[in-house]
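So that you can map any letter, position 75 of the sequence shown is 800 in the working numbering, and since no number is skipped, the others follow by simple counting.
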Amino acid sequence: MSFRFRLALSVAVLAFGVGLVVLFGASSQWERAHRREKEAQLRSAARQLVAQLPELLRVPPETRHRRVGELGALMGLRVTLVAADGTVVADSRVPYAHLPLLENHGQRPEVRRALELGEGSAHRRSATTGVFTWYLALRAEEQGQAWVVRVAEEESPPSFPWLWLLPLAAASAGVGWLAQRLLASWQREIYQHLAPWCELPASAETPAVAYEADRRFRKLKEEATRELEACRQALSRVVEGVVLLDREQVVRFANPAALELLGKLPEGEPLWEHCQNPQLLALVGEGLAGAESRHGEVTHQGRTLAVTLTSLQHPVLALGLLVRDISPQARFEAARRAFVADLAHELRTPVTVLGGVLEELKDRGVAPELADMLGRQVKRLSRFAADLEELVRIETGRLQLELAPVELLALAREVAADFAPHAQARGVSLSVEGEPVTITTDRLRLAQVISNLVDNAIRYNRPGGSATVRVAPHQEGAQLVVEDTGLGIPESEIPLVFQRFYRVRRGEAEATGSGLGLAIVKHLVARLGGRVHLASKLGEGTRVTVELPAKASSELPAPSRP
């Protein structure tokens, strides 16, 4: 016997049982309502007879008996008049001659209750006629004694409604069949979901499918548990701190390195209850707000920590934190900045002295060639010192912006006009093209970015080459492209060109420049809220793309990293 058939049979039997209970309850309710209605009808008839009792008692017994019979026939009821001692005085269904033969009715339940309480009723088999009968009796006082007027109506004995059993059985069978069909439909749907987990035919019974699926699920759960434990052990050996958080910032995992760097972080408790570093909590809030990846530095318990946050696509985990102690690098960076600042400051004095010597030599006309060479070197040193000072201001976050609307195409043309003599001297064609775009930014700093890029495009070009500046709208801001047909950059060196003091090794190019131009460009563009990208191919030229927002932020940033 299949599982579906057993289930259908069980449902049918259950439905049949419930139907029987409901049918029995409904039958009982109907009988009670019918009893109340019958008693009300008999009570009304009995009261009419009580009203006629004085007249009946004034006539002779035989006449009284005949009139009781007439009243009973008129009402369609059996009417009985009983004396206080239980003697039947008249009965509409018994001949007058047989009255003495009737049993004393004083112990009939309805008569006894009527004599005691004034009214009595019963539904029983009549001892006289042998038929189930409804009785109602009322007591009446007449001629100084008590009388009982009883009315009765014959009725077939109450029986259970057996005729309802056949439709009930049919309905129960229908419910069982429907349950079987629904189960078959559910089983097909369940099997579609569980088929990849089970190696059973589509006709397999539900218990077999469920058992096989449960077995496979348990196996997969054990495998997942082992893999999870292996991941936990692997992360526990990572030297960087690793913290996994859910959407409510509850710690789900923290390896020993994270506990060493951030302190106590019990799993299952919110991060903010044990780590109240406002910088870290702000980064976590930004990460949970939707940023796919965030980087930041926080100072915690005397350490400088680099924090990388990554959004996780997981039903439970929402954010992963990678924490590294960069205190030694931070101290080195601070020392480097101090050294660069001191170097820029110290260079100013000898440059000023050399400038004075140069002017004296020119005034006296001494060694003109030596004076020209000295002039070029003084200018180079002066530019190098200025670049150092500019880089220090940017990196330390002391560079303040003066924001105003700037028409980028016009600014690019102004810068190109300044470099036109230099380009002509180098034999390079310099042009500006595009369409007007106005953004809110720092005009001086943006001009500095364009100048550095145009200077490089001319400096590292060939005679007869070209340098082009293009301006165009980009998303909600602007895009600036400086492209040349010069010497290009080896692919291996492209990632290094934005580092400080890095100069591409070019055999053909002049060994000039401080190596700070592109580093300053990178930091200035970042300070203006934009991004810079460089693409180059050796021997074909270089293209630098700068993307700028519609409005730069005037807030001072934290000191930047190299």
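Ideal Cβ placement from N, Cα and C applies to all residues, glycine included.
Check, Outcome
"Bridge-paired residues (DSSP) for residue 1198", "1203"
"8 Å Cβ cutoff met for residue 1013 and residue 1032", "no"
"Residues that residue 857 bridges to, as DSSP identifies them", "850"
"The alpha helix (DSSP H) enclosing residue 1176, as first and last residue numbers", "1168-1184"
"Inter-residue Cα distance where the pair is residue 1093 and residue 1102", "14 Å"
"Residue range of the beta strand (DSSP E) that includes residue 1024", "1018-1025"
"Nearest-angstrom Cα separation, counted from residue 1131 out to residue 1151", "30 Å"
"Residue range of the beta strand (DSSP E) that includes residue 1143", "First-last for residue 1143: 1133-1151, but that is the alpha helix (DSSP H), not the beta strand (DSSP E)."
"Beta carbon of residue 1140 nearer than 8 Å to that of residue 1182", "no"
"Inter-stretch contact at 8 Å, needing at least 3 Cβ pairs: the region 1202-1213 / the region 1255-1266", "yes"
"Where residue 1167 falls, given that 16 or more other Cβ within 10 Å makes a residue buried", "buried"
"Cα-Cα separation between residue 792 and residue 838, rounded to whole angstroms", "26 Å"
"Proximity of residue 970 and residue 1044 at Cβ, strictly below 8 Å", "yes"
"Beta-carbon proximity of residue 871 to residue 842, cut-off 8 Å", "no"
"C-beta atoms of residue 966 and residue 949 nearer than 8 Å", "no"
"Contact under 8 Å by Cβ, residue 875 with residue 896", "no"
"Nearest-angstrom Cα separation, counted from residue 1153 out to residue 1191", "5 Å"
"Proximity below 8 Å, CB of residue 846 to CB of residue 828", "no"
"Residue 1252 versus 1271, 1037, 1259, 1260, residue with shortest Cα-Cα distance", "1271"
"Residue 1289 and residue 1134 closer than 8 Å at C-beta", "Here the chain has residues from 726 to 1287 only, and residue 1289 is not among them."
"Separation of residue 1097 from residue 1277, as counted between CA atoms", "42 Å"
"Cutoff 7 Å; reference residue 1222; Cβ partners in own chain excluding five residues on either side", "1214, 1229, 1243, 1259"
"Rounded straight-line distance, which links the Cα of residue 1034 to that of residue 1273", "25 Å"
"Status (buried if at least 16 other CB within 10 Å, exposed otherwise) for residue 1180", "buried"
"Option nearest residue 814 by Cα separation, candidates 789, 796, 797", "789"
"Residue 784, buried or exposed, once every other Cβ within 10 Å from all chains shown has been counted against 16", "exposed"
"Rounded C-alpha distance that separates residue 996 from residue 1056", "28 Å"
"Expected contact under 8 Å - CB spacing of residue 1249 and residue 1170 to nearest Å", "5 Å"
"Which of helix, strand or coil DSSP assigns to residue 1160", "coil"
"Check whether residue 1205 and residue 1142 have beta carbons under 8 Å apart", "no"
"Nearest-angstrom beta carbon gap, residue 1041 and residue 977 [assumed within contact, 8 Å]", "7 Å"
"Where the alpha helix (DSSP H) containing residue 780 begins and where it ends", "778-783"
"Cβ separation of residue 880 and residue 857, assumed to be a contact under 8 Å, to the nearest whole Å", "5 Å"
"Residue 1277 (DSSP reduced to helix, strand or coil)", "coil"
"CA nearest to the CA of residue 830, picked from 818, 1003, 1256, 852", "852"
"For residue 1242, three-class secondary structure by DSSP", "helix"
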